[in-house]
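Each residue of the sequence shown is one higher than the one before, counting from 80 in this note's numbering.
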Amino acid sequence: MKILVINGPNLSRLGQREPAIYGTLTYPELTAKITEWAKDSGFDSEILQSDSETEIIQLLHRAADEKLPVIINPAAFTHYSYAIRDAAAALETPLIEVHLSNPLSREEFRHTSVISGVAKGTIAGFGADSYRLALDAMAKLVR
Ligand code: DQA
């Protein structure tokens, strides 16, 4: 079964970006791990990163049309993009929200997620392992 893994703005900068918060794993290293973990959970993953709200919305439209389950790290869009929330709400397949860091232990503006309310669940704070846990949870949901 196919799964779409969507990563939002600035996540391509992992490894260089605020390593004290996000760790030293680079984006290509993260995608390699996700690909392997997805296989272990029985998924054929397509992993995409975009800094653009428009592109992320279009990816969610594609997921809706193709009835694909979605794991999304909306990055900063988490906290204010009603447009991404609306696109996520229209999915008939499950969507799981993930974060590398734990936004609730950080600045106050990160304490709100406009996406969580339309997600099946949220996994945050476990670094790259947040994706592994989400894939495991998704495998249980879709089987
Ligand atoms: C993040 C948390 C967000 O608050 C932040 O804007 C990000 C990354 C995370 O994975 O921890 O870009 O989604």
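We put the beta carbon where it would ideally sit given N, CA and C, even for glycine.
None of these values were measured; they are calculated from a predicted model.
Does the separation of the CB atoms of residue i and residue j fall below 8 Å?
i: Ile202; j: Ala166; result: no
i: Leu170; j: Leu139; result: yes
i: Val193; j: Ser160; result: yes
i: Val149; j: Ala155; result: no
i: Ile163; j: Gly200; result: no
Determine the burial state of residue i: buried for a count of at least 16 other Cβ atoms within 10 Å of its Cβ, exposed for fewer.
i: Pro153; result: buried
i: Leu83; result: buried
i: Met80; result: exposed
i: His178; result: buried
i: Thr191; result: exposed
i: Leu220; result: exposed
i: Phe74; result: Examination of residue 74 is not possible in this model, given that the chain is present from 80 through 222 alone.
i: Pro107; result: exposed
i: Thr157; result: buried
i: Ser184; result: exposed
i: Ser124; result: buried
i: Ala117; result: buried
i: Ser195; result: exposed
Using 8 Å for Cβ pairs, my map puts residue i next to residue j. What's the rounded Cβ distance?
i: Ala207; j: Leu109; result: 6 Å
i: Ala216; j: Gly121; result: Rounded, the Cβ-Cβ distance is 13 Å, inconsistent with contact.
i: Asp130; j: Pro88; result: 4 Å
i: Leu93; j: Leu104; result: 6 Å
i: Ile151; j: Ile100; result: At roughly 19 Å, the Cβ-Cβ gap does not stay under 8 Å, so Ile151 and Ile100 are not in contact.
Is any heavy atom in the ligand MN found nearer than 7 Å to the beta carbon of residue i?
i: His190; result: Questions concerning the ligand MN fall outside what the structure shown contains, since the ligands it does hold are the ligand DQA.
If you scan the segment 172-200 from start to end, which runs of the beta strand (DSSP E) of 3 or more residues do you find wholly inside it? The beta strand (DSSP E) runs lying completely inside the segment 172-200 and spanning 3 residues or more are 174-178, given in chain order.
Pick out every residue whose C-beta is nearer than 6 Å to a heavy atom of the ligand DQA: which are they, in chain order? Those residues having their beta-carbon less than 6 Å away from any non-hydrogen atom of the ligand DQA are, in chain order, Asn89, Asn152, Ala154, Ala155, Thr157, His178, Leu179, Ser180, Pro182, Arg189.
Whole beta strand (DSSP E) elements within the segment 109-139, 3-residue minimum: Runs found: 123-128.
Going residue by residue through the segment 86-112, where are the continuous alpha helix (DSSP H) segments of at least 4 residues, counting only ones entirely within it? Whole alpha helix (DSSP H) segments, 4+ residues: 98-101.
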